[in-house]
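Q: Just so we're aligned, residue 1 is where the sequence shown starts under the working numbering, counting upward by one.
Each residue gets a CB set at the ideal place from its N, CA and C atoms; glycine is no exception.
Quick caveat: nothing in here was measured; it's all calculated off a predicted structure.
Before I ask anything, here is the structure I am working with.
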Amino acid sequence: MATTLDGGTFEEGRPLRTPAGWARAEWGPLYAAVRGPLRRRGPAAAPLTAAAVGLTALLQYVQNQPWGYGLVQDLGAVRADDPLWLALLRTPLSLFVPALDLPVWGALAQILLVFGIAELCLGWWRTLTIAYVATLAGTLYARLGITLGAHAPFGLPWTDGQVVDTGPSAAVVGLAVFVSWRYGAYATAGAVTLAMVVEVLLKENLAGKEHLAALMAVGLLCLLAAARHRGTPPAGRARGQRWPGRRAGRGSGLPPIQS
Numbered sequence: 001m002a003t004t005l006d007g008g009t010f011e012e013g014r015p016l017r018t019p020a021g022w023a024r025a026e027w028g029p030l031y032a033a034v035r036g037p038l039r040r041r042g043p044a045a046a047p048l049t050a051a052a053v054g055l056t057a058l059l060q061y062v063q064n065q066p067w068g069y070g071l072v073q074d075l076g077a078v079r080a081d082d083p084l085w086l087a088l089l090r091t092p093l094s095l096f097v098p099a100l101d102l103p104v105w106g107a108l109a110q111i112l113l114v115f116g117i118a119e120l121c122l123g124w125w126r127t128l129t130i131a132y133v134a135t136l137a138g139t140l141y142a143r144l145g146i147t148l149g150a151h152a153p154f155g156l157p158w159t160d161g162q163v164v165d166t167g168p169s170a171a172v173v174g175l176a177v178f179v180s181w182r183y184g185a186y187a188t189a190g191a192v193t194l195a196m197v198v199e200v201l202l203k204e205n206l207a208g209k210e211h212l213a214a215l216m217a218v219g220l221l222c223l224l225a226a227a228r229h230r231g232t233p234p235a236g237r238a239r240g241q242r243w244p245g246r247r248a249g250r251g252s253g254l255p256p257i258q259s
């Protein structure tokens, strides 16, 4: 028997014969990481997420006004045909500009759920950094894909150069995979990755391929983090204390991240 973060116990060698047992093993560490800050500080534990939801809702309202559409396009609309310096300048805000052809509630729900979990687990600046890296990877891939051309394996048609590339989807995918990997929810990380691959196979478009580019960038971050912290013992845990679940203490071997 081993001790959990809640002071309870679990049997490390017990097979996962029920859905509940599998869920505890898969999401137990993540649940514990999210619950702690929420119990201590409530919604105030995720100020970045609250700001991101508010900014996204505001930009959605503004871009749907006759006087605001051009303003939002000038500040946050990214196209592969734009000069690189201009695309880089607009990319941070483009993350929070909802796509006009998709319902805004989808973007708001993604940010609230995935950004919120990531911020509670990783802290606001790590969350923002990973989100930006994933979004930037998609933005830069679009340029490379158009250069390769539509007939190349990872290429894109030249017409995608004028597609307005905004929204949080690439950041959401990247954060979901990074947090899942960080807290040992490997089945969840694999499911998200598989879903993105299936998306490209079923509907080969710019957004789907950008999601794959975001996953590759976040995968590299995972490898760098693992290499940096290889051999570092987990900090802040009492001797004998483990994460709840069958694969206790599995994770990446990184010390807990505090927000």
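Just list the alpha helix (DSSP H) runs in the region 53-99, keeping only unbroken ones of 4 residues or longer that don't cross its boundaries, in chain order.
A: Those alpha helix (DSSP H) runs which fall completely within the region 53-99 and span 4+ residues are 69-76, 84-94.
Q: Would you check if the distance between the CB atom of residue 63 and the CB atom of residue 69 is smaller than 7 angstroms?
A: Looking up residue 63 in the sequence shown gives position 63. Looking up residue 69 in the sequence shown gives position 69. Against a cut-off of 7 angstroms, the Cβ pair of residue 69 and residue 63 comes out as a contact.
Q: Residue 110 lies in the alpha helix (DSSP H); which residues open and close that run?
A: For this step, residue 110 is matched to residue 110 along the sequence shown. 104-110 is the span of the alpha helix (DSSP H), which, as asked, contains residue 110.
Q: In this structure, how does DSSP classify residue 230 when only helix, strand and coil are distinguished?
A: Numbered from 1 along the sequence shown, position 230 holds the residue referred to as residue 230. In this structure, residue 230 counts as coil in the three-state DSSP scheme.
Q: Is DSSP giving residue 163 helix, strand or coil here?
A: Taking the first residue of the sequence shown as position 1, residue 163 is located at position 163. The answer is coil: DSSP assigns residue 163 none of H, G, I, E or B.
Q: What span of residues does the alpha helix (DSSP H) with residue 113 cover, start to end?
A: Position 113 of the sequence shown, counting from 1, holds the residue named residue 113. Unbroken run through residue 113: none, as it is neither H nor E.
Q: Tell me the DSSP secondary structure of residue 213 in three-state form.
A: Stepping through the sequence shown from its first residue, residue 213 is reached at position 213. Residue 213: helix per DSSP, three-state reduction.
Q: Rank 211, 228, 101, 46 by C-alpha distance to the C-alpha of residue 141 and give the top, closest one.
A: Taking the first residue of the sequence shown as position 1, residue 141 is located at position 141. Of 211, 228, 101, 46, the residue nearest in Cα terms is 211.
Q: Under the rule that 16 or more other beta-carbon atoms within 10 Å means buried, what is residue 168, buried or exposed?
A: Taking the sequence shown and counting its residues from 1, the one referred to as residue 168 is at position 168. Buried, by the Cβ-count rule.
Q: Out of 96, 107, 146, state which residue places its alpha-carbon closest to the alpha-carbon of residue 80.
A: Walking along the sequence shown from the start, residue 80 turns up at place 80. The residue with the shortest Cα to Cα distance from residue 80 is 146.
Q: From this set, 206, 207, 198, 173, which residue's C-alpha is nearest residue 219's C-alpha?
A: What you label residue 219 is simply residue 219 of the sequence shown in a count that begins at 1. Residue 173 is the option with its Cα nearest to residue 219.
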